[in-house]
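In this note's numbering, the protein residues as written are 1 to 377.
The block underneath contains the structure these notes are about, expressed in structure tokens.
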């Protein structure tokens with residue numbers, strides 16, 4: 001590969017822990033109790049059998065959440081999953097709390113996590129790119145953070161919303177472009193906050209929804225980008241994005257009366273397998289990179305089959321995708337906050353040597369396929 005001047009450097013990545021951690025067994029147990037709360041029928045019995053089978057899968061061992069409900073066993077003590085009154089005075093059943101209740105929890109939790117992400121920061125970043133697809137309110141939490149920190153006229157905010165799991169790659173690309181307008185010692189922050197568990201459907205019986213219920217988790221990460229190389233930084237060399245034709249129906253993220261609804265078809269894997277090799281080859285060719293020069297892959301672990309199928313289709317060794325599988329196992333799928341955790345683990349891993357090339361891949365509604373090329377510093 002010819003030497004290419006990086007667009008920018010991901011200098012530092014901070015992960016912000018969620019207040020509640022649960023093993024996968026605990027979370028599946030909670031959902032199974034919820035599913036049986038009002039009795040069972042044929043569809044619920046099938047879903048319960050699927051949950052039972054999934055209990056034996058160790059691809060995900062733990063997940064985090066901002067919601068205390070998953071740590072409780074008494075239904076009359078729930079914070080969200082309880083009978084409630086909507087703004088129009090109609091009553092929502094316990095399993096379908098109104099969207100406004102979910103958004104109130106989102107705003108409070110996202111504000112707390114944003115505060116934690118910048119708690120030790122005294123110098124204002126020139127920009128913050130704020131990413132989320134799991135909650136909305138204006139003014140949004142990052143704006144309130146600026147007021148708290150006294151940065152209201154020092155930092156400019158840009159919002160990336162509703163892109164889903166792939167948003168951190170374009171978020172980093174946007175942040176990198178913004179570094180060109182700041183001084184050498186100044187930074188651009190990219191903040192990803194995803195609270196997926198707020199949108200859980202406890203009575204879901206469709207197999208795809210059952211898988212979504214045990215896959216998604218909450219997470220938050222802050223990345224600082226700048227023009228200056230720092231130890232263990234990840235240099236952003238190139239970016240790639242494409243929408244896959246005839247695939248829009250297989251993944252979607254819709255606002256409904258009670259929650260945001262995830263459509264995640266098992267056919268996503270088939271669609272990606274159909275196109276990934278050609279897009280990967282095009283990306284490498286455009287940037288003058290030989291396949292043999294890439295030693296690591298930060299594949300967004302949208303689920304165990306996503307990473308495994310990409311690995312199989314491209315013929316990738318286990319070591320090259322180790323960090324993606326480890327993050328999925330430890331945290332679950334945190335939507336756009338997941339890849340920053342993978343990148344952070346690569347930054348901190350001494351076995352990932354200076355100069356190694358990393359290709360990141362993430363996928364979202366569209367189907368949208370994104371990649372970037374990083375170099376370990």
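Idealized CB from N, CA, C, for every residue including glycine.
Here the structure is a predicted model, which means the values were calculated and not measured.
From the DSSP output, in three-state form, read off residue i for me.
i           : result
residue 308 : helix
residue 226 : strand
residue 216 : strand
residue 240 : strand
residue 290 : coil
residue 78  : coil
residue 119 : coil
residue 64  : strand
residue 87  : coil
residue 371 : strand
residue 261 : strand
residue 14  : strand
residue 161 : strand
residue 318 : helix
residue 2   : The predicted position of residue 2 is uncertain, since its pLDDT is 48 and thus under 50; no value can be drawn from it.
residue 126 : coil
residue 254 : strand
residue 356 : coil
residue 174 : helix
residue 138 : coil
residue 410 : The question about residue 410 has no answer here: the residues shown for the chain are numbered 1 through 377.
residue 40  : coil
residue 328 : helix
residue 298 : strand
residue 334 : coil
Please confirm whether residue i has its beta-carbon closer than 8 Å to some beta-carbon of chain C.
i           : result
residue 233 : Of the chains in the structure shown, none is chain C; there is only one protein chain.
Taking 8 Å as the threshold (C-beta atoms), are residue j and residue i in contact?
i           : j           : result
residue 247 : residue 298 : no
residue 49  : residue 304 : no
residue 367 : residue 278 : no
residue 10  : residue 357 : no
residue 337 : residue 212 : no
residue 114 : residue 138 : no
residue 109 : residue 195 : yes
residue 244 : residue 289 : no
residue 376 : residue 353 : yes
residue 83  : residue 92  : yes
residue 188 : residue 125 : yes
residue 21  : residue 62  : yes
residue 269 : residue 301 : no
residue 54  : residue 214 : yes
residue 223 : residue 190 : yes
Distance check for residue j and residue i, CA to CA, integer angstroms please.
i           : j           : result
residue 170 : residue 41  : 44 Å
residue 380 : residue 104 : Only positions 1 to 377 of the chain appear in the structure, and residue 380 is not among them; the question remains open.
residue 179 : residue 225 : 7 Å
residue 87  : residue 136 : 18 Å
residue 201 : residue 319 : 35 Å
residue 181 : residue 101 : 40 Å
residue 168 : residue 94  : 34 Å
residue 15  : residue 147 : 22 Å
residue 78  : residue 219 : 21 Å
residue 72  : residue 119 : 30 Å
residue 27  : residue 106 : 20 Å
residue 381 : residue 250 : Limits of the chain in this structure are 1 at one end and 377 at the other, which puts residue 381 out of reach.
residue 33  : residue 75  : 10 Å
residue 149 : residue 13  : 20 Å
residue 8   : residue 177 : 8 Å
residue 382 : residue 5   : The structure shown has nothing for residue 382, since the chain only spans 1 to 377.
residue 19  : residue 29  : 20 Å
residue 273 : residue 321 : 17 Å
residue 355 : residue 347 : 12 Å
Could you give the C-beta distance for residue i and residue j, rounded to a whole number, given that I count them as a contact under 8 Å?
i           : j           : result
residue 258 : residue 365 : Not a contact, Cβ separation roughly 20 Å.
residue 221 : residue 331 : Between residue 331 and residue 221 the Cβ distance is about 11 Å, and since that is not below 8 Å, they are no contact.
residue 57  : residue 216 : Not confirmed; about 15 Å, so no contact.
residue 374 : residue 234 : 4 Å
residue 199 : residue 372 : Actually they do not touch by this definition, with Cβ atoms about 28 Å apart.
residue 335 : residue 165 : 5 Å
Checklist entry - Are three or more beta carbon pairs between the region 205-221 and the region 262-273 nearer than 8 Å? => result Yes: the two stretches touch, three or more of their Cβ pairs being nearer than 8 Å.
Checklist entry - Taking contact to mean at least 3 C-beta pairs separated by less than 8 Å, is the region 154-173 in contact with the region 127-136? => result Yes, they touch.
Item to check | Three CB pairs or more closer than 8 Å across the region 300-314 and the region 65-72 | outcome: no
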